[in-house]
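Contents: one structure, followed by commentary.
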Amino acid sequence: MKKEQACERIMESAALIQASIAKLLTAKAGEAKLAQGWIAAQIRPENCEGPEEVHQTAMEMHDQMIEILEGITKMEIAIARQLRLLLEPEEEGTSSYDGLLGSDRETSTR
69 MKKEQACERI MESAALIQAS IAKLLTAKAG EAKLAQGWIA AQIRPENCEG PEEVHQTAME
129 MHDQMIEILE GITKMEIAIA RQLRLLLEPE EEGTSSYDGL LGSDRETSTR
């Protein structure tokens, strides 16, 4: 397979991954919208033993959403890093494929 074909396949795969991430985020937004009413009805002072429980429950839900967003962000950063390595012009003696699966260069940019 020629280098151009390989690069094109990688770019197409990255685009498919981005589309999948967009679908995932859309689904999560829909799920959050549906859960909003239930959460508002359930997490009320009269349904809990005290304000501490209300705050604790709310914090647990927020923490779950933050974990999801952090995971998606890490995935996006990894995709961007791989595409940057693919698209950078080749330096003398190196290949644009060096570092696609991890290298010293990649870890030094962190």
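At position 103 of the sequence shown the residue is numbered 171 (our numbering), and the sequence of numbers has no breaks. By construction, the Cβ of each residue, glycine as well, lies at the ideal position given by its N, Cα and C atoms.
Can you look up residue i in the DSSP assignment and give me helix, strand or coil?
i      : result
LYS96  : helix
MET127 : helix
GLY139 : helix
ILE111 : coil
GLU117 : coil
MET69  : coil
GLU156 : coil
Could you check which residue in the options has the C-alpha nearest to that of residue i?
i      : options                           : result
THR125 : ILE107, GLY139, GLU99 and ALA87   : ILE107
GLN150 : MET69, ILE78 and GLU72            : ILE78
ALA103 : MET129, LYS142 and THR141         : MET129
ALA87  : HIS123, ARG152, LYS70 and ILE140  : ILE140
ALA83  : PRO119, GLU114, ARG112 and ILE147 : ILE147
MET143 : ALA90, GLU72, GLU117 and GLY98    : ALA90
Who are the Cβ neighbours of residue i in its own chain at under 7 Å, not counting the five residues just before and after it?
i      : result
ILE111 : VAL122, THR125 and ALA126
CYS75  : LEU154
For residue i, which residues from the same chain have a beta carbon less than 6 Å from its beta carbon, with the 5 sequence-adjacent residues on both sides left out?
i     : result
MET69 : none
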